[in-house]
Amino acid sequence: MLRWLALFVLVALPAWAEEVVLGLSQDEVAITTSFDGSEILIFGAVKREAPIPEGELGVIVTIAGPPEPVTVRRKERRFGIWVNTDAVEIDAAPSYYAVASSAPLEDVLGVRENLEHRVSVTSKLNAVGAPESVLDASAYVAALIRINTAAETYQLLEDQVVVDEDTLFRTRIRLPAALTEGAYETRIFLTRDAEVVASYETTIDVHKVGLERWLFVLSRENPFWYGIMSLAIAIAAGWTASAAFSLLRN
Amino acid sequence: MQIYLPIAEVSVNAFLLLGLGGLVGILSGMFGVGGGFLMTPLLFFIGIPPAVAVATEANQIVASSFSGVLAHLRRKTVDLRMGTVLLIGGLIGAALGVLIFNYLKSLGQVDLLVRLCYVVFLGVIGALMFVESLNAIRKTAKGTAIPTRKKHGMIHKLPFKMRFRVSGLYISVIPPLLVGLSVGILAAIMGVGGGFIMVPAMIYLLGMPTKVVVGTSLFQIIFVTAFTTMLHATTNFTVDVVLAVLLLVGGVIGAQIGTRIGVRMKAEQLRILLALMVLAVCGKLAFDLLVMPSELFSVGAVEGH
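Chains A and B, in that order, give the protein sequences.
Residues in the first sequence are numbered from 1 upward in steps of one, following the working numbering.
Residues in the second sequence are numbered from 1 upward in steps of one, following the working numbering.
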């Protein structure tokens, strides 16, 4: 009887057979004045209490920056000149998004699974939805992805996750210099034959420190004095240059 | 050397910005323009968000025009009285301009209208200046002295006459007030400081000597851009002081150099260079409007946030 029950549990809950144990080279990124991007090493192991199951193992790592609303505008020719005509607002486009996988993404993740877990950048943005007034909203989403990929704020890193002996995995993801503050949602998916068998979530905290933090807070909390300070610096610099040049001349 | 900008939230090359500031500062000191029309596209190009670029640049222009005005004051080529009259007109104009801009915005397609106005305006001003200064250069080359005729038209019959000693003018305050007003309106609608509309207007409409025009224009630009800086800092939080410092270090030095170059040049040479620069900006804008862009889509912040 007990043996039957154990078998039942194993068949019914295969997802529990494997688990992700994760390590990060750093779980926070401090933005200083000389900040020039950061590289994060993500490594981990597959923990299992049973023999290695059947099926091809895949590992997918995603990092998403804080979502922000953006407007995508399209230019059209009107009366012979190019002007912005239609615009689509995307409510929550991640400010940064990277997907790293151990093989080409479509090989390690099924189409349905991709939509369910919103792994690829397309599925992440499509799930947000666009207004119905614009018929070809997908063209706007595609443009957003194209522009952000060119700027390296969206990255697709296929074959960049190294898996050793079906157990250990590691990857490096580069965070660009143009980084906004916030909690960066980090997800790891384990797949077997393109189906997700285990996942793990954590966050990387990105925040400004020192002078950067002080100026940012001042500009939001005391905007008047921040403005006065900016003007004072400008006037002082203008005066200094003038005084220096007249000294040079004499 | 890379520096992270706290408000713009991008990392930029410090030396590149110092150089950019210097270049624009030289133009500012030479011609009496703020240089925003040149700096804005350059800042966009290196990846600064547009809202931050426009606001921060206003702050930088305060520094370079202050530096330039001090250099001109030492040479006594600033008409403070004329500058103040223009400024009063300009501030009223700017307030009116904001109202007009908001009205146009409620009608839609304001972007198109502004760009078209800009191209037509710059084209006309640039072409007229170019032809005028070319003729002046030809005349001096032939050796015939330019007749300094004083025109006694409608302008001299207007009341409220005032003596503008530095400019050598005794005219009614109404024309300078109107010039300031219309430049203020245009500046607010087009989102520029208005230096290179103001300079030709002072030369051709008010008949001020070219040497005095540059310093006087810089004088009133200081106040207009200081006001703009405060407006952006308190309503949009888009002034990036780190970016401003990088730009203005180059800017204040450039303005000093520019003033020295400007003083050594002949008035008509200065005018023809300014005309060429205005035409170049006009050409660039026209090109952007007429030629199909390589990327039809653009990504921006959501308006009203």
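Heads up, the beta-carbon is just placed ideally off N, CA and C, and yes, glycines get one too.
Since we're looking at a predicted model, the values are computed, not measured.
Apart from the five residues just before and just after residue i, which ones in its own chain have a Cβ nearer than 6 Å to its Cβ?
i, result
"glutamate 268 of chain B", "Ser133, Ala136 and Ile137"
"glutamate 152 of chain A", "Pro176"
"asparagine 84 of chain A", "Arg73 and Lys75"
"glycine 123 of chain B", "Cys282"
"threonine 56 of chain B", "Val239, Asp240, Leu243 and Ala244"
"glycine 47 of chain B", "Val10"
"serine 38 of chain A", "Val29 and Leu175"
"histidine 207 of chain A", "Glu181"
"arginine 149 of chain B", "The predicted model places arginine 149 of chain B with a pLDDT of 49, which falls under 50 and marks its position as unreliable, so this point remains unresolved."
"valine 166 of chain B", "Asp79 and Val212"
"phenylalanine 160 of chain B", "Ser172 and Val173"
"lysine 47 of chain A", "Glu19 and Val21"
Just the chain B side, please: which residues come within less than 8 Å of residue i by C-beta, in chain order?
i, result
"isoleucine 235 of chain A", "Val62, Ala63 and Phe66"
"alanine 103 of chain A", "Per Cβ cutoff of 8 Å: no residues; alanine 103 of chain A is ~31 Å from chain B at best."
"threonine 180 of chain A", "Glu9"
"isoleucine 147 of chain A", "Glu295, Phe297, Ser298 and Val299"
Report yes if the C-beta distance between residue i and residue j is below 7 Å; otherwise report no.
i, j, result
"alanine 143 of chain A", "valine 72 of chain A", "yes"
"glycine 32 of chain B", "valine 199 of chain B", "yes"
"isoleucine 257 of chain B", "isoleucine 26 of chain B", "yes"
"isoleucine 60 of chain A", "phenylalanine 189 of chain A", "yes"
"leucine 57 of chain A", "isoleucine 42 of chain A", "no"
"leucine 248 of chain B", "alanine 71 of chain B", "no"
"proline 6 of chain B", "glutamate 212 of chain A", "yes"
"leucine 276 of chain B", "serine 65 of chain B", "no"
"leucine 274 of chain B", "threonine 210 of chain B", "no"
"methionine 82 of chain B", "threonine 216 of chain B", "yes"
"alanine 98 of chain A", "isoleucine 147 of chain A", "no"
"threonine 234 of chain B", "alanine 58 of chain B", "no"
"valine 252 of chain B", "serine 67 of chain B", "yes"
"valine 163 of chain A", "threonine 171 of chain A", "no"
"valine 278 of chain B", "glycine 35 of chain B", "no"
"valine 24 of chain B", "methionine 1 of chain B", "no"
"leucine 246 of chain B", "alanine 51 of chain B", "no"
"arginine 192 of chain A", "glutamate 201 of chain A", "no"
"glycine 55 of chain A", "valine 21 of chain A", "no"
"valine 119 of chain A", "leucine 109 of chain A", "yes"
"isoleucine 204 of chain A", "aspartate 27 of chain A", "yes"
Residues of chain B with a CB under 9 Å from the CB of residue i: which are they?
i, result
"glycine 238 of chain A", "Val62, Ala63, Ser64, Ser65, Phe66, Ser67, Gly68, Val69, Leu70, Ile222, Leu248, Gly251, Val252 and Ala255"
"alanine 143 of chain A", "Glu295, Leu296, Phe297, Ser298 and Val299"
"tyrosine 140 of chain A", "Phe297"
"isoleucine 204 of chain A", "Here the premise fails: no neighbours, minimum Cβ distance about 17 Å."
"serine 123 of chain A", "The contacting residues do not exist; serine 123 of chain A stays about 19 Å from chain B at best."
Excluding five sequence neighbours on each side, which residues of the same chain lie with their C-beta closer than 8 Å to the C-beta of residue i?
i, result
"alanine 187 of chain B", "Gly90, Gly93, Ala94, Gly97, Gly193, Gly194, Ile197 and Val224"
"isoleucine 88 of chain B", "Leu177 and Gly180"
"proline 66 of chain A", "Pro94, Ser95, Thr180, Glu181, Gly182, Ala183 and Tyr184"
"valine 70 of chain A", "Glu89, Ile90, Ala93 and Leu144"
"lysine 124 of chain A", "Ala64, Pro94, Tyr97 and Arg118"
Anything in chain A within Cβ reach of residue i, meaning under 9 Å, just list it in chain order.
i, result
"valine 242 of chain B", "Thr33, Leu211, Glu212 and Leu215"
"asparagine 13 of chain B", "Per Cβ cutoff of 9 Å: no residues; asparagine 13 of chain B is ~10 Å from chain A at best."
"leucine 47 of chain B", "Position check: residue 47 of chain B holds glycine in this sequence, whereas leucine was assumed. Chain A residues near glycine 47 of chain B: Ala151 and Ala178."
"proline 6 of chain B", "Ile31, Thr33, Lys208, Leu211, Glu212, Arg213, Trp214, Leu215, Phe216 and Ser219"
"asparagine 59 of chain B", "Gly227, Ser230, Leu231, Ile233 and Ala234"
Can you pull the chain A residues whose beta carbon is under 8 Å from the beta carbon of residue i, in chain order?
i, result
"alanine 233 of chain B", "Ser219, Pro223, Phe224, Tyr226, Gly227 and Ser230"
"phenylalanine 196 of chain B", "Those do not exist, as phenylalanine 196 of chain B stays about 20 Å from chain A at its closest Cβ, beyond 8 Å."
"alanine 136 of chain B", "Within chain A, no residue comes near alanine 136 of chain B; the closest Cβ sits about 31 Å away, beyond 8 Å."
Just the chain C side, please: which residues come within less than 7 Å of residue i by C-beta, in chain order?
i, result
"glutamine 2 of chain B", "Any reference to chain C falls outside this structure, whose protein chains are A and B."
Might you give, ordered along the chain, the residues of its own chain that have their beta carbon closer than 7 Å to the beta carbon of residue i, omitting 5 neighbours on each side?
i, result
"alanine 286 of chain B", "Val119"
"arginine 115 of chain B", "Leu285 and Leu289"
Could you work out which residues of chain A lie near residue i, taking near to mean beta carbons separated by less than 7 Å?
i, result
"phenylalanine 237 of chain B", "Ser219, Arg220 and Pro223"
"proline 209 of chain B", "Correct list: empty, because the minimum Cβ distance to chain A is about 23 Å."
"threonine 229 of chain B", "Gly227, Ser230 and Leu231"
"valine 310 of chain B", "No answer is possible for residue 310 of chain B: the residues shown for chain B start at 1 and end at 305."
"alanine 226 of chain B", "Leu231"
Please list the partners that residue i has in chain B, where partner means a Cβ-to-Cβ separation under 7 Å.
i, result
"isoleucine 81 of chain A", "Leu289 and Leu290"
| message | What are the residues in the segment 284-298 of chain B lying within 8 Å of chain A by C-beta distance? | response | Asp288, Leu289, Leu290, Val291, Met292, Pro293, Glu295, Leu296, Phe297 and Ser298
| said: Counting only Cβ-Cβ distances shorter than 9 Å, please list the residues of the segment 33-51 of chain A near chain B, keeping chain order. | reply: Answer in chain order: Thr33, Ser34, Phe35, Asp36 and Gly37.
| message | For a minimum of 4 consecutive residues, which ranges assigned as the alpha helix (DSSP H) are wholly contained in the segment 150-197 of chain A? | response | None, since the segment 150-197 of chain A contains no complete alpha helix (DSSP H) of that length.
| Any residues in the segment 57-75 of chain A with a beta carbon nearer than 7 Å to a beta carbon of chain B? Which ones, in chain order? | Pro69, Val70, Thr71, Val72, Arg73, Arg74 and Lys75
| field | Residues from the segment 17-44 of chain B in contact with chain A, defined by Cβ distance under 8 Å | value | none
| Considering only residues of the segment 253-293 of chain B, which uninterrupted alpha helix (DSSP H) runs meet the minimum length of 4 residues and lie entirely inside it, listed in chain order? | 267-290
| Along the chain, which unbroken stretches of the beta strand (DSSP E) at least 3 residues long are found entirely within the segment 86-112 of chain A? | Runs found: 97-101.
| query | At which residue ranges does the segment 165-225 of chain B contain complete beta strand (DSSP E) runs of 3 or more residues, listed in the order of the chain? | reply | 169-172
| field | Interface positions of the segment 71-98 of chain B facing chain A (Cβ-Cβ less than 8 Å), listed along the chain | value | Ala71 and Arg74
| Unbroken stretches of the beta strand (DSSP E), 3 residues or longer, contained in the segment 23-66 of chain A | Segments of the beta strand (DSSP E) lying fully in the segment 23-66 of chain A: 28-31, 38-48 and 57-64.
| field | alpha helix (DSSP H) segments (min. 4 residues) lying fully within the segment 8-48 of chain B | value | 14-31 and 36-45
| Within 8 Å of chain B by C-beta, residues of the segment 82-102 of chain A in sequence order | Trp82, Val83, Asn84 and Glu89
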